[in-house]
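Numbering (the UniProt record's numbering), first residue to last: 1 to 407. Backbone N, C-alpha and C fix where the C-beta goes; we use that ideal spot for every residue, glycine too. As the structure is a prediction and not an experimental result, all values here were calculated from the model.
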Amino acid sequence: MRFPYLKYLLKSVTNVPEQRAIKAIFKDGSQRLFPYVWLRDCSLDDKTYVISDAMKGRLHTMRDFDVNIEPISFRANSSNLIVEWPGNVVSRYKQKWLRTHCPGSKEVIEKRRQIYLGRECIRLWENGGPTSKNRFQFSHQSFLEDDKVLHDFLKSVCVDGIAVLRGQEYGSNLRNEVFSICPKPDASNMAYANTGELPYHTDFPSLQDPPQLQLLHMCKQSECGGGKSMFVDGFSIAKEMSKYPKEYQILCDYPLEFIEEGFDVHNVKGFQDKEERVDFSMVARHKTFKTDNSGLVQVQFGNVMRSWFLDMVANDPLLVQNIYNSLKLFNELCYLPENQLIFSLNSGDTVLWANTRILHARTSYNLIGIPERERHLLGCYFSWDTIKSKVRLIRRKLKLEEDQETL
């Protein structure tokens with residue numbers, strides 16, 4: 001379009017009572033219908049909304065709202081659509097706001113879905129993700145000093161499922177509940193129990209709501225080598241498995257049961273030298289590929305925690321065999337070299353990834369026999385809401401192109 005701004009300028013507005021809407025014709029020739037009820041409900045006047053730096057929220061209640069409301073009058077001027085409503089309410093809708101907020105508009109829907117930083121923004125690793133370039137690695141110092149780098153780091157986690165910070169001196173700055181990963185007796189988790197290779201898994205499939213994101217900070221890497229971090233994009237693996245419809249559908253249809261039972265020993269908060277034993281018995285079921293009407297939403301698997309129980313309606317040995325065949329294919333695809341991202345976390349490095357998308361593993365390493373010199377990591381979990389909120393706030397602060405109006 002030679003004059004792209006024309007699509008935001010109103011040419012005329014007319015009433016369409018049979019559709020309970022106001023029709024707007026823009027100067028680029030396009031037309032949009034704006035329902036009465038939606039216009040009144042979304043009016044940004046001070047009788048409808050409270051808008052401040054501290055909060056934004058609708059004032060009227062659905063109990064009192066008249067869903068059959070009709071405008072008393074309306075007109076357009078050089079910058080606004082002005083509508084007078086019953087109850088002495090006058091609404092002013094900016095022309096650009098109308099074009100960028102119209103309900104049911106394909107361009108509005110496509111743009112607005114980007115604000116969720118959800119599946120619409122996901123880039124599979126086969127499509128130029130971190131397996132092909134080092135775009136997922138960032139300087140820790142720049143991350144602390146430059147909000148744009150912080151934004152790009154978090155965006156990488158949203159888009160590619162993973163991002164790494166390089167070059168921090170050891171010293172934990174983690175603020176969430178932190179757990180420590182190092183070899184120890186009576187280990188409650190395979191990550192602590194041995195130094196052999198850990199297979200690909202997502203954390204805590206034994207929980208009804210597994211952690212959405214996981215962060216690991218390498219306090220001290222193994223002095224004897226090994227202990228490399230391994231990652232694979234479960235969403236890409238699911239896409240590859242869709243080429244095998246029978247096996248793919250089995251992993252979509254049949255939940256697996258995961259169990260974790262035992263105990264762990266933790267320092268008591270506020271008492272560095274005091275420990276307490278915590279016993280647990282966790283059981284949950286998850287389908288390997290969780291889908292909804294719009295596609296894949298989650299990948300969940302952990303062979304160590306997988307139990308004997310198969311939730312089947314019939315005693316069908318061939319179905320059991322097919323379930324195992326499907327799991328075998330899934331794991332074989334995970335270990336194909338072109339699907340894996342394998343690298344060393346150096347002392348001071350940090351990695352953050354999507355736990356319900358990315359499976360992680362670890363190569364084997366050797367023990368030294370001196371506790372303070374052994375491989376040691378700190379970790380914690382995050383929710384997507386925390387990460388995505390930060391991304392949106394930075395976009396607003398830096399006036400980035402991806403920023404969108406809240407209202």
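For P205, which residues in the same chain have their Cβ closer than 7 Å to its Cβ, ignoring the five residues on either side in sequence? For the purposes of this step, residue 205 is identified with residue 205 of the sequence shown, where counting begins at 1. Cβ within range, chain order: F258, A284, H286, Q300, F301, G302, M305.
Going by DSSP, name the residue or residues bridged to T100. Within the sequence shown, residue 100 is the residue found at index 100, counting from 1. None, per the DSSP bridge assignment.
Taking the alpha helix (DSSP H) that P317 belongs to, which residues open and close that run? For the purposes of this step, residue 317 is identified with residue 317 of the sequence shown, where counting begins at 1. Start and end: 317-334.
Residues of its chain near P211, where Cβ-Cβ distance is below 7 Å and the 5 sequence neighbours each way are ignored: As a first step, residue 211 must be located in the sequence shown, where it is residue number 211. Around P211: D203, F204, N355, Y381.
How many Å lie between A21 and N15 at the Cα? On the sequence shown, position 21 is the one that residue 21 refers to. On the sequence shown, position 15 is the one that residue 15 refers to. Approximately 6 Å, taken between the alpha carbons.
Can you tell me which of the three DSSP states P4 falls into? By 1-based counting over the sequence shown, the position of residue 4 is 4. Of the three classes helix, strand and coil, the one that applies to P4 here is helix, per DSSP.
Looking at the secondary structure, which residues open and close the beta strand (DSSP E) in which T356 lies? Position 356 of the sequence shown, counting from 1, holds the residue named residue 356. Taken as a continuous stretch (DSSP letters only), T356 belongs to no beta strand (DSSP E), as it is neither H nor E.
Could you give the distance in angstroms between the alpha-carbon of Q321 and the alpha-carbon of L333? Taking the first residue of the sequence shown as position 1, residue 321 is located at position 321. Taking the first residue of the sequence shown as position 1, residue 333 is located at position 333. Their Cα atoms are separated by approximately 18 Å.
How many Å lie between V108 and Q19 at the Cα? In the sequence shown, the residue the question calls residue 108 occupies position 108. In the sequence shown, the residue the question calls residue 19 occupies position 19. The straight-line gap from Cα to Cα measures roughly 21 Å.
In whole angstroms, give me the CA-to-CA distance for P255 and S307. Numbered from its first residue, the sequence shown carries residue 255 at position 255. Numbered from its first residue, the sequence shown carries residue 307 at position 307. Taking the straight line from one Cα to the other gives about 11 Å.
In this structure, does DSSP put M241 in helix, strand or coil? Within the sequence shown, numbered from 1, the residue matching residue 241 stands at position 241. Correct three-state label for M241: helix.
Just reading off the alpha helix (DSSP H) that I109 is part of, what are its end residues? The residue you call residue 109 lines up with position 109 of the sequence shown. First-last of the alpha helix (DSSP H) with I109: 106-112.
Return yes when the Cβ of H201 is within less than 8 Å of the Cβ of L165, no when it is not. Position 165 of the sequence shown holds residue 165. Position 201 of the sequence shown holds residue 201. No, these two residues do not count as a Cβ contact at 8 Å.
Going by DSSP, what residues sit across from F34 in a beta bridge? If you number the sequence shown from 1, residue 34 lands on position 34. I22.
Would you grab the beta carbon distance between S91 and W97 for me? Rounded to a whole angstrom, and I think it's under 8 Å. Counting from one through the sequence shown, the residue named residue 91 turns up at place 91. Counting from one through the sequence shown, the residue named residue 97 turns up at place 97. Incorrect: roughly 11 Å between the Cβ atoms, too far for contact.
Taking the CB atoms as reference points, tell me whether N339 and I250 lie closer together than 8 Å. The residue given as residue 339 occupies position 339 in the sequence shown. The residue given as residue 250 occupies position 250 in the sequence shown. Taking 8 Å as the Cβ cut-off, N339 and I250 do not qualify as a contacting pair.
Contact defined as beta carbons within less than 8 Å: I believe W353 pairs with V157. What is the distance between those atoms, to the nearest angstrom? Here residue 353 corresponds to residue number 353 of the sequence shown, with the count starting at 1. Here residue 157 corresponds to residue number 157 of the sequence shown, with the count starting at 1. Their Cβ separation, rounded to whole angstroms, is 7 Å, which keeps W353 and V157 in contact under 8 Å.
Buried versus exposed call for F309 [16 or more other C-beta atoms within 10 Å across all chains shown]: Position 309 of the sequence shown, counting from 1, holds the residue named residue 309. Label assigned to F309: exposed.
N- and C-terminal bounds of the beta strand (DSSP E) containing L345: The residue you call residue 345 lines up with position 345 of the sequence shown. Neither: L345 is in no beta strand (DSSP E) and is coded neither H nor E.
Quick one: what does DSSP say I162 is sitting in, helix, strand or coil? Within the sequence shown, the letter at position 162 stands for residue 162. In this structure, I162 counts as strand in the three-state DSSP scheme.
Which residues mark the beginning and the end of the alpha helix (DSSP H) in which R392 is found? Translated into positions along the sequence shown, residue 392 becomes position 392. Element bounds for R392: 384-398.
Can you give me the Cβ contacts of L296 inside the same chain, cut-off strictly under 7 Å, excluding the 5 residues immediately before and after it? Your numbering for residue 296 matches position 296 in the sequence shown. Cβ neighbours of L296 beyond the five flanking positions: F235, A238, F289.
Close beta carbons around Y8, own chain, < 6 Å, minus the five adjacent residues each side: Position 8 of the sequence shown holds residue 8. Cβ neighbours of Y8 beyond the five flanking positions: Q95, K96, R99.
Collapsed DSSP secondary structure at I82 in the structure displayed: Counting from 1 along the sequence shown, the entry for residue 82 is found at position 82. Three-state DSSP puts I82 in a strand.
Please work out which residues of its chain come closer than 7 Å, Cβ to Cβ, to K397, disregarding the five sequence neighbours upstream and downstream, and give them in chain order. As a working mapping, residue 397 is identified with position 397 in the sequence shown. Closer than 7 Å at Cβ, skipping near neighbours: D147.
Tell me which residues share the same chain as S242 and place their Cβ nearer than 6 Å to its Cβ, disregarding the 5 neighbours each side in the sequence. The residue you call residue 242 lines up with position 242 of the sequence shown. Closer than 6 Å at the Cβ level, and outside the excluded window around S242, lie Y248.
Excluding the 5 residues flanking P103 on each side, which residues of the same chain have their C-beta closer than 6 Å to its C-beta? Taking the sequence shown and counting its residues from 1, the one referred to as residue 103 is at position 103. Hits under 6 Å: W38.
Per-residue DSSP class, three states only, for N339: Taking the first residue of the sequence shown as position 1, residue 339 is located at position 339. Three-state DSSP puts N339 in a helix.
C-alpha gap between F263 and V278, whole angstroms: Here residue 263 refers to the residue found at position 263 of the sequence shown. Here residue 278 refers to the residue found at position 278 of the sequence shown. C-alpha separation (whole angstroms): 5 Å.
For the beta strand (DSSP E) that Q298 lies in, which residues bound it at each end? Against the sequence shown, residue 298 aligns to sequence position 298. Note, Q298: beta strand (DSSP E), 295-299.
For S364, collect the residues of the same chain with a Cβ closer than 8 Å to its Cβ; drop the 5 residues on either side in sequence, then sort them by chain order. As a first step, residue 364 is located in the sequence shown; it is residue number 364 there, counting from the start. Same-chain partners within the cutoff: T195, G196, E197, G226, G227.
By Cβ distance below 8 Å, which residues in the same chain neighbour V391 in space, the five residues on each side in sequence not counted? On the sequence shown, position 391 is the one that residue 391 refers to. Hits under 8 Å: L117, H151, L154, K155, C158.
Looking only at its own chain, which residues have a Cβ that is under 7 Å from the Cβ of residue 478, when we skip the five neighbours before and after it? Here the chain covers residues 1 to 407 and nothing more, so residue 478 does not appear.
By Cβ distance below 6 Å, which residues in the same chain neighbour M218 in space, the five residues on each side in sequence not counted? Translated into positions along the sequence shown, residue 218 becomes position 218. So the qualifying residues of the chain are L345, S347, D349, L377.
Please report the straight-line C-alpha distance between V265 and V351, rounded to a whole angstrom. The residue you call residue 265 lines up with position 265 of the sequence shown. The residue you call residue 351 lines up with position 351 of the sequence shown. Roughly 25 Å separates the two Cα atoms.
Can you name, in chain order, every residue of its own chain whose Cβ lies under 7 Å from the Cβ of residue 414, other than the five neighbours on each side? For the chain, the structure presents residues 1 to 407; residue 414 sits outside this window and is missing.
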